[in-house]
Amino acid sequence: MTYEFKLPDVGEGLHEAELLRWLVKEGDTVAEDQPIMEVQTDKATVEITSPVSGRVVKLLGQPGDILRVHSVVVIFDVGADGAAQPAGEAAAPTAAAAAVGAAAPAAPAPPAAPRPAQPEAPAPAAPQRRALATPATRRLARELGVDIHAVPGTGPAGRVTSEDVRAFAARSQAAAQGQEAAPTPAEAAAPAAAAPAARSEADQERIPLRGIRKVIAERMVKSKYTAPHVTAVEEVDMTELLAFRAQAKELAARKGIKLTFMPFVIKAVVAALREFPYLNASIDDEAQEIVLHKRYHIGFALDTDAGLLVPVIKDADRKPVFAIAKEMNDLIARGREGKLAPDEMRGSTFTISNQGSIGGLFFTPVINYPEVAILGIGKTADRPVVRGGEIVIRKVAHLALSFDHRLIDGGMATRFLQRVAELLSDPTLLMMEAM
Numbered sequence: 001m002t003y004e005f006k007l008p009d010v011g012e013g014l015h016e017a018e019l020l021r022w023l024v025k026e027g028d029t030v031a032e033d034q035p036i037m038e039v040q041t042d043k044a045t046v047e048i049t050s051p052v053s054g055r056v057v058k059l060l061g062q063p064g065d066i067l068r069v070h071s072v073v074v075i076f077d078v079g080a081d082g083a084a085q086p087a088g089e090a091a092a093p094t095a096a097a098a099a100v101g102a103a104a105p106a107a108p109a110p111p112a113a114p115r116p117a118q119p120e121a122p123a124p125a126a127p128q129r130r131a132l133a134t135p136a137t138r139r140l141a142r143e144l145g146v147d148i149h150a151v152p153g154t155g156p157a158g159r160v161t162s163e164d165v166r167a168f169a170a171r172s173q174a175a176a177q178g179q180e181a182a183p184t185p186a187e188a189a190a191p192a193a194a195a196p197a198a199r200s201e202a203d204q205e206r207i208p209l210r211g212i213r214k215v216i217a218e219r220m221v222k223s224k225y226t227a228p229h230v231t232a233v234e235e236v237d238m239t240e241l242l243a244f245r246a247q248a249k250e251l252a253a254r255k256g257i258k259l260t261f262m263p264f265v266i267k268a269v270v271a272a273l274r275e276f277p278y279l280n281a282s283i284d285d286e287a288q289e290i291v292l293h294k295r296y297h298i299g300f301a302l303d304t305d306a307g308l309l310v311p312v313i314k315d316a317d318r319k320p321v322f323a324i325a326k327e328m329n330d331l332i333a334r335g336r337e338g339k340l341a342p343d344e345m346r347g348s349t350f351t352i353s354n355q356g357s358i359g360g361l362f363f364t365p366v367i368n369y370p371e372v373a374i375l376g377i378g379k380t381a382d383r384p385v386v387r388g389g390e391i392v393i394r395k396v397a398h399l400a401l402s403f404d405h406r407l408i409d410g411g412m413a414t415r416f417l418q419r420v421a422e423l424l425s426d427p428t429l430l431m432m433e434a435m
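Numbering follows my numbering, in which position 406 of the sequence shown is assigned residue number 406; successive positions increment by one, without gaps.
Dropping the structure here:
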């Protein structure tokens, strides 16, 4: 008797996952709870185990395929009595299982009567994850009955304009009436495709864009082409904070905690977010509403061998520095081992990216959409500064705040950044304001 195993829920709100690799092959005998496949969901790698004991009859998918949650992914032979089948699951094979066995011969069907030819409408373009278009353009598409994902865009970065929608609707109507329609603006403006230059296989290597790298690529593009980015930069004197941390490190070590300066940065950011709530926000593009978040979930960029991850410190405003440090250490260790759960990388309201350990004066980070701002921290180094009319050497770093100019103006961004720098430069003030 066969049993169809469907891809289980792999995280709240997730509807699909990318198949990374099979851990078994067709014909293998597996035990219940044995790992059988690895999938990539959001930014986490998830190992899926078998719900039954039996023999693998069919693996439905290849590495790199996108699998829908609740779709059949493996067909097992669980024996004649089906005893190994999980309780509550139907044991009868369905169409997918029947397709694995030999199909019974069918009587030939009589030839169908000829039907009058119908004018063909233009074939829609392959659906994309999200068309770039304003809410007004999307509303126009709905009113005209146009699938906006099928409309070639002529705006910046392929953005679909209202003219594109109207032209596409006119073409569809003309095709339905058997008329020859004028080309869309995108088709009229498109140059003839040039033949690709011949290349030797030895000149290049092609690597599939999949897994974490694919997710990062999609998110970066969506962020840059949805939110108009502007970056403000501020200098911060970290001398006193680093000295304060050096004293606190001994106490933290006795508690088994590795203390970096990042927990202090998180507390400074949360204190500033309280004063500037529009930076702890997002924009609901469909509803055309600003969403102000009342909780402070701070994401931090984590560089791993597999790619960039963003673990989240939930309710950072309610946690002391040592608690944040301990939680960060745990998230970093498990993140680099690929053991973070999807929920641990979801729900951030503001993100911090620290590249200071790598180097560089400063950088312009990309907003972790749908957030509206991200703070980048450059390398802390000895630099000459003026104090009391004299040149002295201090530990100086640069903060770079990238923000969504749709919601945040330059004045607000600069005042927020100055407040963060003020708190970081004075540990006593930070402890009073952030605790």
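For every residue, glycine included, the Cβ atom is placed at its ideal position computed from N, Cα and C.
| query | result |
| --- | --- |
| Just curious, the alpha helix (DSSP H) that ARG383 is in, first and last residue? | ARG383 -> not in any alpha helix (DSSP H); beta strand (DSSP E) instead, spanning 381–387. |
| Within 10 angstroms of its Cβ, does ASP237 collect 16 or more other Cβ (buried), or is it exposed? | buried |
| Which same chain residues, not among the five before or five after ARG138, have their C-beta less than 7 Å away from its C-beta? | ILE148 |
| Are the CB atoms of THR231 and HIS297 within a distance shorter than 8 Å? | no |
| Using the DSSP secondary-structure output, state which residues sit across from MET37 in a beta bridge. | TRP22, ILE48 |
| DSSP three-state label for GLU376, please. | Checking the sequence, you will find Gly at residue 376 rather than Glu. Of the three classes helix, strand and coil, the one that applies to GLY376 here is strand, per DSSP. |
| Taking 8 Å as the threshold, find out whether the region 242–252 comes into contact with the region 307–320 through three or more Cβ pairs. | no |
| When you compare only the Cα positions, how much space is there between SER53 and THR351? | 44 Å |
| If I measure Cβ to Cβ from LYS319 and keep anything under 8 Å in the same chain, skipping five residues before and after, which residues do I get? | ILE313, GLU327 |
| Checking 8 Å against the spacing of the C-beta atoms, do LEU60 and GLN40 come in under that value? | no |
| Using only the alpha-carbon positions, how far apart do GLN85 and GLU275 sit? | In this predicted model, GLN85 has a pLDDT of only 48, less than 50, meaning its place in the structure is not dependable enough to derive any value. |
| When you compare each of LYS339, THR226, PRO384, ALA271 to ASP285 by their alpha carbons, which one comes out closest? | THR226 |
| Would you kindly work out how many angstroms separate the C-alpha atoms of LEU424 and SER172, rounded to a whole number? | 60 Å |
| What is the DSSP secondary structure of ASP303, counted as helix, strand or coil? | strand |
| Out of SER162, HIS70, THR154, ALA287, which one is the CA nearest neighbour of PHE5? | HIS70 |
| With a 10 Å radius around its C-beta and 16 neighbouring C-beta atoms as the bar for buried, classify GLU205 as buried or exposed. | exposed |
| Roughly how many angstroms separate the alpha carbons of PRO50 and PRO8, rounded to a whole number? | A small correction: the amino acid at residue 50 is Ser; Pro does not occupy that position in the sequence shown. Using only the alpha carbons, I get a separation of about 11 Å. |
| Find out if the Cβ-Cβ distance for the pair GLY211, GLU47 is shorter than 8 Å. | no |
| For ALA323, which three-state DSSP category applies? | helix |
| Could you tell me how far apart the beta carbons of LEU242 and ALA325 are, in whole angstroms, since I believe they sit closer than 8 Å? | At roughly 15 Å, the Cβ-Cβ gap does not stay under 8 Å, so LEU242 and ALA325 are not in contact. |
| Which same chain residues, not among the five before or five after GLN418, have their C-beta less than 8 Å away from its C-beta? | GLU234 |
| Would the beta-carbon of VAL72 fall within 8 Å of that of GLU26? | no |
| Once you ignore the five residues that flank LEU14 on each side, which residues in its own chain have a CB closer than 6 Å to its CB? | THR41 |
| Which ranges does the alpha helix (DSSP H) cover as unbroken runs of at least 4 residues, wholly within the region 210–253, from first to last along the chain? | 211–226 |
| So, for GLY335: in the same chain, excluding its five sequence neighbours on each side, which residues have a beta-carbon less than 7 Å away from its beta-carbon? | LEU302, THR304, LEU309, PRO311 |
| So, with DSSP's three-state summary, where would you put LEU401? | strand |
| Measure the alpha-carbon distance for ALA103 versus ALA174 and round it to whole angstroms. | Unreliable placement is indicated for ALA103, whose pLDDT of 38 sits below 50; no coordinate value is reported for it. |
| Where do the ends of the beta strand (DSSP E) carrying SER353 lie? | 350–354 |
| Kindly list the residues whose CB is nearer than 6 Å to the CB of ILE66, restricted to its own chain and excluding five residues on each side of it in sequence; keep chain order. | GLU16, GLU18 |
| ASP77 to THR29, Cα distance in whole Å? | 9 Å |
| To the nearest angstrom, how far is it from the Cα of VAL372 to the Cα of GLN62? | 37 Å |
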